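Residue numbers (my numbering): 3 to 406. The structure under discussion appears below in the form of structure tokens.
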Ligand SMILES: Cc1cc2nc3c(=O)[nH]c(=O)nc-3n(C[C@H](O)[C@H](O)[C@H](O)COP(=O)(O)OP(=O)(O)OC[C@H]3O[C@@H](n4cnc5c(N)ncnc54)[C@H](O)[C@@H]3O)c2cc1C
């Protein structure tokens, strides 16, 4: 067993853990990230990849605390995605440079679109008929363009992971041993083993950050911390594959987003739509067949005639893991809980990850700032199993159906 005395030990290689690892490494901290499965395999790779700027939280006409918290994020991401700021994420693939917003005939729908435009940093631009994308050409109501970028999340995870490959370690989460200081919550040592008969490490970290999404609940139990800090909000997402246009956008209806569509290409070059918004909330109580029928009706109502009868449909379930709120709704901000030298982090949104990382760095004890890559202990271990990046949902084992 090899012993490592390090500054920060991070659990979880989704957006939060990987961005934090990169930030800490650039600040000269000796950090290691432990991943139980595939990188981004919880929410990040299953997400729609929209770098929200708050519009989604303003359809009621009120600029909420969530909208204010997220307002600076699109600019920050944009600079990283262009390679003009750290972390350089220029290797990330963009699904789209912007999203469209459209309203249905309902008055509620049109009003919400107008109301949402007020008071935001990234404002939607009203489009004339000839500026509309083909898919919204015959839309009876307002059509707007919103400069919120949409990333392909698995390429973002890979771009971040490739910056620090030697600090990523795949572990078996069931073979973790945690030692704590007798009086107080501080963790003094963690023994982690790789999968199968891969090597075992003994870490003595100054700080531990749990950034494992829904895995944080079990990790908090393993660290002897109360595990009621987290809530799960389930989604049942829809995927449609076929002769579809590439398109990213939200159809609004009152304060809710009726459908949110993001699109990409699968490994065979076919267009795939990921459908979220209210449809994926409604779908939680439905089985796959019922949800596909519901989603088809919603798409026909919001984008008539666009999805043909030859389209293949599927669904997947995924929980959003967040800090617990009193009413069980989405938290307004990214959240970090501190228990001694252990921090538990949930970004709430992919877009809020940079803000989450700022918060964590502000709470960590001052770092050595040595910045000497030679000093980075984990790089010398040769028999480490490195985690892979998770594939997008439509490349996983889904059951596809056709609807008459
Ligand atoms: C369907 C869906 C769509 C979304 N769309 C958007 C969007 O368009 N825009 C937006 O801003 N946000 C979106 N979100 C929210 C966003 O995806 C999440 O807030 C964000 O990805 C969470 O990142 P994370 O790193 O905290 O967690 P995760 O992405 O869940 O990563 C956790 C990682 O920890 C690992 N892990 C688990 N247990 C352990 C353990 N015991 N030890 C070590 N590692 C462990 C997992 O394998 C995983 O790699 C969406 C969420 C969902 C579910």
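Even glycine gets a Cβ: it sits at the ideal position worked out from N, Cα and C. Note that the coordinates shown come from a computational prediction; the quantities given were computed from them, not determined experimentally.
Start and end residues, alpha helix (DSSP H) containing residue 299 | Residues 290–304.
Can you have a look at residue 266 and say buried or exposed, based on whether 16 or more other CB atoms are within 10 angstroms of its CB?
-> Buried.
Residue ranges of each beta strand (DSSP E) within the region 172–219, 3 or longer | With a minimum length of 3 residues, the continuous beta strand (DSSP E) runs that stay inside the region 172–219 are 179–182, 189–195, 202–212.
DSSP beta-bridge partners of residue 364 = Beta-bridge pairing links residue 364 to no other residue.
Measure the beta-carbon distance from residue 311 to residue 241 and round it to whole angstroms, keeping in mind my assumption that it falls under 8 Å.
-> Residue 311 to residue 241, Cβ: 17 Å. No contact.
Would you list, in sequence order, the uninterrupted beta strand (DSSP E) runs of no fewer than 3 residues that lie entirely inside the region 232–275?
-> As for any beta strand (DSSP E) of minimum length 3 sitting wholly inside the region 232–275, the runs are 232–244, 251–255, 258–267, ordered along the chain.
Smallest Cα separation from residue 264: which of 44, 17, 48, 231?
-> The candidate whose alpha carbon is nearest that of residue 264 is 48.
Where does residue 75 fall in DSSP's three states?
-> For residue 75, the three-state secondary structure derived from DSSP is helix.
Is residue 265 near ligand 1, judged by its Cβ being under 7 Å from some heavy atom?
-> Between ligand 1 and residue 265, a heavy atom-to-CB distance of less than 7 Å is absent.
Whole-angstrom Cβ separation of residue 396 and residue 199, contact assumed at under 8 Å?
-> With 8 Å as the limit, residue 396 and residue 199 do not qualify as a contact, their Cβ atoms being about 34 Å apart.
Limits of the unbroken alpha helix (DSSP H) element including residue 157 | DSSP places residue 157 inside the alpha helix (DSSP H), whose first and last residues are 155–163.
Can residue 84 be considered in contact with ligand 1, in the sense that its beta carbon sits closer than 7 Å to one or more heavy atoms?
-> No, the beta carbon of residue 84 sits no closer than 7 Å to any heavy atom of ligand 1.
Check whether the region 125–134 touches the region 324–331, counting contact only when three or more Cβ pairs, one atom from each stretch, lie closer than 8 Å.
-> Touching, no, given that fewer than three Cβ pairs across the two stretches are closer than 8 Å.
Specify whether the region 177–196 and the region 358–371 touch according to this definition: at least 3 beta carbon pairs, one from each stretch, less than 8 Å apart.
-> In short, these stretches do not touch, since the Cβ pair count stays below three.
Strand pairing of residue 37, partner residues [DSSP] | In the DSSP assignment, residue 37 is bridged to 172.
Hey, would you say residue 192 sits closer than 8 Å to residue 11, going by beta carbons?
-> Their beta carbons are under 8 Å apart, which means residue 192 touches residue 11 by this criterion.
Identify, in the order they occur along the chain, each residue of the same chain with its Cβ nearer than 8 Å to the Cβ of residue 146, setting aside the five sequence neighbours on each side.
-> Taken in chain order, the residues that qualify are 102, 103, 104, 115, 119, 126, 127, 128, 129.
Residue 296 to residue 42, Cα distance in whole Å?
-> Looking at the two C-alpha atoms, the distance is approximately 29 Å.
Using 8 Å as the threshold, is the region 150–157 in touch with the region 90–99, meaning 3 or more CB pairs across them?
-> With the cut-off at 8 Å, the region 150–157 and the region 90–99 touch.
Put residue 283 into one of helix, strand or coil per three-state DSSP.
-> The DSSP-derived three-state label of residue 283 is helix.
Residue span of the beta strand (DSSP E) that contains residue 5, given as start and end | For residue 5, the enclosing beta strand (DSSP E) starts and ends at 4–13.
Neighbourhood of residue 85 by C-beta distance below 7 Å, restricted to the same chain and skipping five residues each side | Taking residue 85 as the centre and dropping the five residues before and after it, the same chain places the C-beta of 92 closer than 7 Å to its C-beta, in chain order.
Exposed unless 16 or more other CB atoms sit within 10 angstroms - verdict on residue 190 = Exposed.
Got a sec: does ligand 1 put a non-hydrogen atom nearer than 7 Å to the Cβ of residue 50?
-> True, at least one ligand heavy atom lies under 7 Å from that Cβ.
Outcome for residue 254 when other beta-carbon atoms lying within 10 angstroms are tallied against a minimum of 16 | By the neighbour-count rule (16 or more Cβ atoms within 10 Å), residue 254 is buried.
Identified DSSP bridge partners for residue 103 | The partner list for residue 103 (beta bridge, DSSP) reads 146, 252.
Can we count residue 322 as close to ligand 1, meaning its CB is less than 7 Å from some heavy atom?
-> Yes, since a heavy atom of ligand 1 falls inside the 7 Å radius drawn around the Cβ of residue 322.
Closer than 7 Å: residue 275 CB and nearest ligand 1 heavy atom = Distances from the CB of residue 275 to the heavy atoms of ligand 1 are all 7 Å or more.
Run the CB neighbour count on residue 28, radius 10 Å, all protein chains shown included, and call it buried at 16 or more, exposed below.
-> Per the 10 Å Cβ criterion, exposed.
Can you find a heavy atom of ligand 1 that lies under 7 Å from the Cβ of residue 402?
-> No, ligand 1 has no heavy atom inside 7 Å of this Cβ.
Using the rule of at least 16 other Cβ atoms within 10 Å of the residue's Cβ for burial, across every protein chain shown, is residue 404 buried or exposed?
-> Exposed, since its Cβ has fewer than 16 Cβ neighbours within 10 Å.
Burial state of residue 247 (16 or more Cβ within 10 Å) | Exposed, because fewer than 16 other Cβ atoms sit within 10 Å of the Cβ of residue 247.
Is it the case that the CB of residue 351 approaches a heavy atom of ligand 1 more closely than 7 Å?
-> Checking the Cβ of residue 351 against ligand 1 gives yes.
Which stretch, first to last residue, makes up the alpha helix (DSSP H) that contains residue 25?
-> Per DSSP, residue 25 belongs to the alpha helix (DSSP H) from 17–28.
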